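Let me begin by presenting the structure, written as structure tokens, before commenting on it.
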Amino acid sequence: MIAHRRTSLALLCPLGAVLAQDPAQLVPEWTRQLLPRVRAQLEDKDAATVAWGAEAAARFGLREAQDALQGALERWQDQDDRNAAHVRRALLDALLRLEAQVPVARLLPLWNETAAFLLIARLHERNGAALLDAFANRLQPSSMRWLAAGNLLAAAPPPGFAAAVARQTEFVLFVDVVDQGQQSPDVRPAAQRAAEPQLADEGDAAAHVCTLDTTPKGFPPRTSHELTTEGTPGALLVAPGTRPVFEQRGRAGLFECEATLSRQQRGVVLASWLRQLAPDVEIETARVVAVQFAAAANFSADVASAVTTYQQNLAPVVERIVAADRAGDAARIEPAIRVVVQDLRSAPTTPLPPVAGTAK
Numbered sequence: 000m001i002a003h004r005r006t007s008l009a010l011l012c013p014l015g016a017v018l019a020q021d022p023a024q025l026v027p028e029w030t031r032q033l034l035p036r037v038r039a040q041l042e043d044k045d046a047a048t049v050a051w052g053a054e055a056a057a058r059f060g061l062r063e064a065q066d067a068l069q070g071a072l073e074r075w076q077d078q079d080d081r082n083a084a085h086v087r088r089a090l091l092d093a094l095l096r097l098e099a100q101v102p103v104a105r106l107l108p109l110w111n112e113t114a115a116f117l118l119i120a121r122l123h124e125r126n127g128a129a130l131l132d133a134f135a136n137r138l139q140p141s142s143m144r145w146l147a148a149g150n151l152l153a154a155a156p157p158p159g160f161a162a163a164v165a166r167q168t169e170f171v172l173f174v175d176v177v178d179q180g181q182q183s184p185d186v187r188p189a190a191q192r193a194a195e196p197q198l199a200d201e202g203d204a205a206a207h208v209c210t211l212d213t214t215p216k217g218f219p220p221r222t223s224h225e226l227t228t229e230g231t232p233g234a235l236l237v238a239p240g241t242r243p244v245f246e247q248r249g250r251a252g253l254f255e256c257e258a259t260l261s262r263q264q265r266g267v268v269l270a271s272w273l274r275q276l277a278p279d280v281e282i283e284t285a286r287v288v289a290v291q292f293a294a295a296a297n298f299s300a301d302v303a304s305a306v307t308t309y310q311q312n313l314a315p316v317v318e319r320i321v322a323a324d325r326a327g328d329a330a331r332i333e334p335a336i337r338v339v340v341q342d343l344r345s346a347p348t349t350p351l352p353p354v355a356g357t358a359k
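Numbers 0 to 359, taken from numbering that gives the first Met the number 0, label the letters of the sequence shown in order.
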């Protein structure tokens, strides 16, 4: 009798009150009764009502509501007010939690939303062209979405991926400045130096970028889909690789945060993708040269010569890698060289002149 009374009351309560119940206690018949109400809410013109409908569909596992969710997403896609953005997030979150297969064309305008990216990445083999375009042109290098897209593309490289990786790779030339007649006391090989975090310049370090994003009054609590390289308990693997990407899902707070790679970490990842694309090709992603300092003018010329030599050595290797993936544009790719200067002179009384692309 008590159970029957609770069910009757639930039918009369607003949907927000129903969501406070434990879904495991609801019988399948109630779930079927809920579906028409959820569909009606998703077709409503009120933003909060649509968001609550999306939350209900996800919470109660209403896979039959996927068509209504996608229809609502299409209707709210081009609206630009703040509430519309929260509606889109609620709809994308519901589609993700229901493991829906959403046409990629519907998701492309929403690349900035992590849930939209995850929906595309989930079907990465089918959406390879869209992922490649995002990796090469849309996503911010060093972002977690960029890293996840690269990992997924590297696992099954489409034509053009090698060219995109080669364009973004920053080859590193370490210049050890020593006195006349001396050798560099730093015996670390180039690969070891490139892998060390000290390479990052100020402003190039790994970070968490956070923005204030409060939920409007009357909306359901937001779900956060934070991408991270930390495989903590409960995290979902999104993109395996040398540096795998995980999704940490939970209730969102006041801030929406996303981790970023440092410049050095990005370089290591790009180098690993190049080697994965061409395992039989020897790729010198970093090089060490010692320059004996005599005068400022000579130093600049010596460094410029070392850069030119390095580029000439890299060009045919990059061309070979890119040509292998049928991109057809290897000739237009000039290896980018980053110069890292280490002043090892015993008494550096003369300042070193600046060198283009130099990090100290």
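Backbone N, C-alpha and C fix where the C-beta goes; we use that ideal spot for every residue, glycine too.
These figures come from a predicted structure and were not determined experimentally.
Nearest to Gln181 by CA position, among Val288, Arg31, Ala165, Asp45, is which residue? Val288
Do you know offhand how far Met233's Cα is from Met143's? It should be noted that the sequence gives Gly, not Met, for residue 233. If I take the Cα positions, the gap works out to 18 Å.
N- and C-terminal bounds of the alpha helix (DSSP H) containing Phe245: Run containing Phe245: none in the alpha helix (DSSP H); it sits in the beta strand (DSSP E), 244 to 250.
In the DSSP assignment, what are the bridge partners of Ile336? Phe170
In chain order, what residues of the same chain have a beta carbon less than 6 Å from the beta carbon of Ala305, not counting five sequence neighbours either side? Val288
Is the number of C-beta pairs between the region 117 to 134 and the region 253 to 265 that are closer than 8 Å three or more? no
Gln65 versus Asp80, Leu34, Asp77, Ala104, residue with shortest Cα-Cα distance: Leu34
Start-end ranges of the alpha helix (DSSP H) lying completely within the region 25 to 50, minimum 4 residues: 27 to 41
Using the Cα positions of Tyr309 and Pro158, report the straight-line distance between them to the nearest angstrom. 27 Å
Taking the alpha-carbon positions, what's the Asp77 to Ala120 distance? 23 Å
Mind reading off the beta-carbon distance from Val37 to Leu61? Whole number of angstroms is fine, and I expect it under 8 Å. 6 Å
Spell out a yes or no on whether the region 285 to 304 and the region 170 to 177 are touching, meaning 3 or more CB-CB pairs, one atom from each, closer than 8 Å. yes
Report the rounded CA-to-CA distance for Val101 versus Thr30, giving the unit in angstroms. 23 Å
So, with DSSP's three-state summary, where would you put Arg286? strand
Spatially closest choice to Ala114 from Val237, Glu229, Pro350, Gln311, by CA coordinates: Val237
Between the Cα of Thr222 and those of Trp51, Gly266, Leu146, spot the shortest distance and give me the residue it belongs to. Trp51
Using beta-carbon positions only, say whether Val267 and Ala147 come within less than 8 Å of one another. no
Terminal residues of the beta strand (DSSP E) in which Ser299 lies: No beta strand (DSSP E) holds Ser299; the alpha helix (DSSP H) holding it covers 295 to 322.
Check the DSSP bridge columns for Leu236 and list the partner residues they point to. Phe245
Do you know offhand how far Phe298's Cα is from Leu351's? 8 Å
Hey, Leu95 and Leu117: beta-carbon distance below 8 Å or not? yes
Along the chain, where does the beta strand (DSSP E) that runs through Thr227 open and close? 222 to 227
Under a Cβ-count criterion, where at least 16 other Cβ atoms within 10 Å of its own Cβ denotes burial, should Asn312 be classed as buried or exposed? exposed
Please classify Gly149 as buried or exposed, where buried requires at least 16 other C-beta atoms within 10 Å of its C-beta. buried
So what's Thr113 in DSSP terms, helix, strand or just coil? helix
Got a sec, what are the start and stop residues for the alpha helix (DSSP H) Leu68 sits in? 65 to 75
Compute the distance between the beta-carbons of Arg265 and Ser141, then report whether it is under 8 Å. yes
Measuring alpha carbon to alpha carbon, tell me which residue in Ala346, Val176, Ala57, Asp45 is nearest Val340. Val176
Between Gly127 and Leu97, what straight-line distance do the alpha-carbon atoms span, to the nearest angstrom? 22 Å
By Cβ distance, which residues of its chain are closer than 6 Å to Ala329, with the 5 residues on each side in sequence left out? Any reading at Ala329 is ruled out, since the residue's pLDDT is 46, under 50, leaving its predicted position unreliable.
Separation of Asp79 from Ala39, as counted between CA atoms: 23 Å
Bridge-paired residues (DSSP) for Gln291: Val177
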